[in-house]
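Per the numbering used here, residue 84 is the first one in the sequence shown, and the count goes up by one each step.
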Amino acid sequence: MRNFPTVLENISDLNFDQLQSLILLSKKFKNGDIPLGHIEMSTGESPIIATSFLETSTRTKHSFAIAIKRLGAMYIDFNAEASSLKKGESLEETLLTLSHQGVGMCIIRTSVSHQLAEFKANPPLKIINGGDGVNEHPTQALLDLFTILECKHGPKNKTIAIIGDCIHSRVGHSLCSLLPQFGMKVILCGPEEFLPKNIPNNIEVTNKLEEAILKSDILYLLRIQKERHQSKSLPSDEEYHQQYGINLEKLKRFSKLLPIYHPGPANIGVEISMEALKSPYYFGYEQVKNSIFMRMAIIKSMFHS
Ligand code: ASP
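What follows is the structure, given as structure tokens:
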């Protein structure tokens, strides 16, 4: 169905029909309209799917692991630290080895932006980008869109403020590529040094939190990606919270108690207060729940296309 890519690196690897069919399929999985545990390869066998996280992860890795198991596939986690990658083997050689062992798909997280592009011409197996450096995290953006739709927060004609370290956020980049296609307006907000310089015309940018909140229907918070900053002059946690952190008191002050999204991990007391995270305005756990259904839909579509 619909020629899904063999390597899903960026949102732009999917056309609008494919994006829509992923949302429909996630919904079917969520509603229980499709029996679980039935993906198979052209040979009729159930596939072996691997995850390889070369950067830390909690949510993404476990959500993929659960999605794979619910689809009835065999799951292996390829521990990069204890693998031949540590002995100098290239990622390509490692993937070829996995494919000769019968692995049909690998979900890869890497700290190197665009590292997966090299596999597009001649993919050794199916690949899903689980987050590559500062480039993209397409499956996160897709599950966010699914949640926005499910929770009736948009997307059509609604505005989302993405607040925080926009320049280093692969999630932010995928959201900017995805949400406008569904009629959503995106505003990037944060301190000047966290805002990208070259932005497409359809994305707004501001360093004024009040302006972003007042214009928006949803807030999407990003943590400061400390591991990707060269400069030492980052704002302190307290300074950042005061200027750009979201707490209920601030939102009440602007009469805007908006839904709050976060891809996790959330830094409490920095981009979000404990009170806001524990409030009914926080949708981070809905995102986590929906992540399983969207990732099942992505995997199934890539095997059955
Ligand atoms: N979990 C997301 C990512 O891997 C967001 C983050 O780490 O801040 O990009």
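Beta carbons are placed, not taken as given, at the ideal position from N, Cα and C, and that holds for glycine.
In this structure the segment 220-235 does not touch the segment 196-210; the number of beta carbon pairs closer than 8 angstroms is below three. Per DSSP, the beta-bridge partners of residue 287 are 270. Around the CB of residue 114, fewer than 16 other CB atoms lie within 10 Å, so the residue is classed as exposed. The way I'd put it, the segment 145-157 does touch the segment 369-381; three or more beta-carbon pairs between them come closer than 8 angstroms.
Taking 9 angstroms as the cut-off, the Cβ atoms of residue 298 and residue 267 do not count as close. Listed in chain order, the non-local C-beta contacts of residue 208 below 7 angstroms within the same chain comprise 178, 181, 182, 186, 187, 188 and 189, local neighbours out to five positions each way being set aside. For the options 138, 332, 352 and 336, the alpha carbon positioned closest to that of residue 319 is the one of 352.
Residue 124 carries a coil assignment under DSSP once its states are collapsed to helix, strand and coil. Take the alpha-carbon of residue 184 and the one of residue 383: they are about 21 angstroms apart.
Rounded to the nearest angstrom, the gap between the Cα atoms of residue 142 and residue 280 is 30 angstroms.
Listed in chain order, the non-local C-beta contacts of residue 221 below 7 angstroms within the same chain comprise 91, 93, 94, 212 and 257, local neighbours out to five positions each way being set aside. Secondary structure of residue 306 (DSSP, three-state): coil.
For residue 220, the shortest C-beta to heavy atom distance toward the ligand ASP is below 8 angstroms.
In this structure, residue 270 and residue 287 form a Cβ contact; the two beta carbons are roughly 4 angstroms apart against a cut-off of 8 angstroms. For the ligand ASP, a non-hydrogen atom lies closer than 8 angstroms to the CB of residue 252. In the DSSP assignment, residue 255 falls within the alpha helix (DSSP H) that extends over 253-261. Relative to the non-hydrogen atoms of the ligand ASP, the Cβ of residue 101 never comes closer than 8 angstroms to any of them. Comparing alpha carbon positions, the residue from 214, 293 and 283 closest to residue 244 is 293. If you ignore the 5 residues before and after residue 118, its C-beta comes within less than 8 angstroms of no other C-beta in its own chain. When beta bridges are read from the DSSP output, residue 134 appears opposite 160 and 190.
The three-state reading of DSSP puts residue 151 in helix, counting H, G and I together. Distances between the C-beta of residue 193 and the heavy atoms of the ligand ASP are all 8 angstroms or more.
Not one heavy atom of the ligand ASP falls within 8 angstroms of the beta-carbon of residue 118. Here the C-alpha atom of residue 347 lies approximately 11 angstroms from the C-alpha atom of residue 303.
Within the segment 85-114, the complete alpha helix (DSSP H) segments at least 4 residues long are 99-114, listed from N- to C-terminus. Remark: C-beta atoms of residue 136 and residue 191 approach each other more closely than 9 angstroms. A distance criterion of 8 angstroms places the beta-carbon of residue 305 in contact range of the ligand ASP, judged by its closest non-hydrogen atom. With contacts defined as CB atoms closer than 9 angstroms, residue 225 and residue 331 fail to qualify as a contacting pair. Going by DSSP, residue 367 is part of no beta strand (DSSP E) but of the alpha helix (DSSP H) stretching over 367-387. Residue state for residue 242 is assigned as strand, using DSSP reduced to three classes. Residue 236 is a Cβ neighbour of residue 300, given a cutoff of 9 angstroms.
Residue 311 and residue 291 have their alpha carbons spaced roughly 23 angstroms apart.
Under the DSSP assignment, residue 320 falls in the alpha helix (DSSP H) whose first and last residues are 320-327.
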